[in-house]
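Visitor: Starting off with a structure, shown below.
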């Protein structure tokens, strides 16, 4: 059973309520419909309910497969606002929140923060920047995490390391040039994401062009400092480095280059790039030469699951990302 | 609200959100170079402005402000 098959099975065990603030979009509605119809999630369409219901019927869907969060329903809005502002970790007060909620993206995230849905799924009409800013305002970041970042999971034919052939890599999409503290936060968030999604213990390598001092320079210093900060913040997590990529994933290379105890060297299942130049190039190499199936990017660092899909994504990819997000949310809900 | 009052209020909110003493801030203070804040702090600042001044500002517009003066101009326009 492949990674996605196993995640699909998990999603069906606990279908999570997912809010769709771009529900009128044709591809988004189809993905929301198929995911709900097949029992992976409960799709909650956010917007004018009568219009969305009519649109669903017009497109040939059973409109009763969806739930609707009617943005014209004053009682529902009042309930969301009351629950949202009652939380100690929210920023907006009633009046400002009501104004923000005129935008369905903010409405959906307010529902999520209020506990009425587990995930907000957007990005087909809103830009990545819109989603990231809205997520920071409405959902907020996890305590002790200072940056939003992302990881992807790759299934590489012939690769037998990582976690049963899977490897999590990040950040290849969001945080362009992290400083040492941000890099440490990316590693910590990645470990949490892998734990919730795959249910395994993360072994996280922070990679560089140097293995434990074999190379020098400020680029290496940043990674060394990031490992130190990550270990200080989260001594319970196996985060180690700095390692070259081969020393991180190959037991043979690690045996030669890493001359001290390490829970990670040679068997990393999470790899953290030093910056986005490396991350973006690396993920393209993995896809082009390794012929990998890649899932994500999954946003992380938020105090909840926030999702941004590519505006050009096909329905099949949107569905995969919705279901992955739902499984992450189910793990958070416990 | 008078311009000077608005300037003082926004400097007060910047000080809170960026955890800086107010007397170290001026209208010329540059968000990126001097405050070195992350976007999460600018988002927090925008939320405070919405709550305290009842002014709705687009987060993208707030993030584009280079100095505190730019932000005051933006808020004044929206009020």
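Residue numbers (this note's numbering), protein chains in the order written: chain A, 415 to 748; chain F, -6 to 72.
Even glycine gets a Cβ: it sits at the ideal position worked out from N, Cα and C.
1. Kindly indicate which three-state DSSP category residue 72 of chain F falls into: helix, strand or coil?
2. Check whether the Cβ atoms of residue 585 of chain A and residue 563 of chain A lie closer than 7 Å to each other.
3. Can you tell which of A:597, A:594, A:567 has its C-alpha closest to the C-alpha of residue 696 of chain A?
4. What does residue 63 of chain F touch in chain A if you count any residue whose Cβ is under 7 Å from its own?
5. In three-state terms, what does DSSP make of residue 523 of chain A?
6. Would you list, in sequence order, the uninterrupted alpha helix (DSSP H) runs of no fewer than 4 residues that lie entirely inside the region 676 to 712 of chain A?
7. Assign residue 540 of chain A to one of two classes, buried (16 or more other C-beta atoms within 10 Å of its C-beta) or exposed (fewer than that).
8. For residue 511 of chain A and residue 495 of chain A, which I take to be in contact (beta-carbon distance under 8 Å), what is that distance rounded to the nearest angstrom?
9. For residue 573 of chain A versus residue 621 of chain A, is the C-beta spacing smaller than 7 Å?
10. Can you tell me whether residue 619 of chain A is helix, strand or coil according to DSSP?
11. What three-state label does DSSP hand residue 645 of chain A in the structure shown?
12. With a threshold of 16 other CB atoms inside 10 Å of the CB of residue 691 of chain A, please say whether the residue is buried or exposed.
13. If you check the beta carbons only, do residue 515 of chain A and residue 552 of chain A fall under 7 Å apart?
14. Are any of the Cβ atoms in chain A nearer than 7 Å to that of residue 68 of chain F?
15. Using the rule of at least 16 other Cβ atoms within 10 Å of the residue's Cβ for burial, across every protein chain shown, is residue 616 of chain A buried or exposed?
16. Looking at the structure shown, is residue 721 of chain A part of a helix, part of a strand, or coil, going by DSSP?
17. Considering only residues of the same chain and omitting the five flanking positions on each side of residue 750 of chain A, which have a CB-CB separation below 6 Å?
Guide: In this structure, then:
1. coil
2. yes
3. A:567
4. Result: empty, since nearest Cβ-Cβ is about 17 Å, beyond 7 Å.
5. helix
6. 690 to 704
7. buried
8. 6 Å
9. no
10. strand
11. helix
12. exposed
13. no
14. no
15. buried
16. strand
17. Since the displayed chain A opens at 415 and closes at 748, residue 750 of chain A lies outside it and no answer follows.
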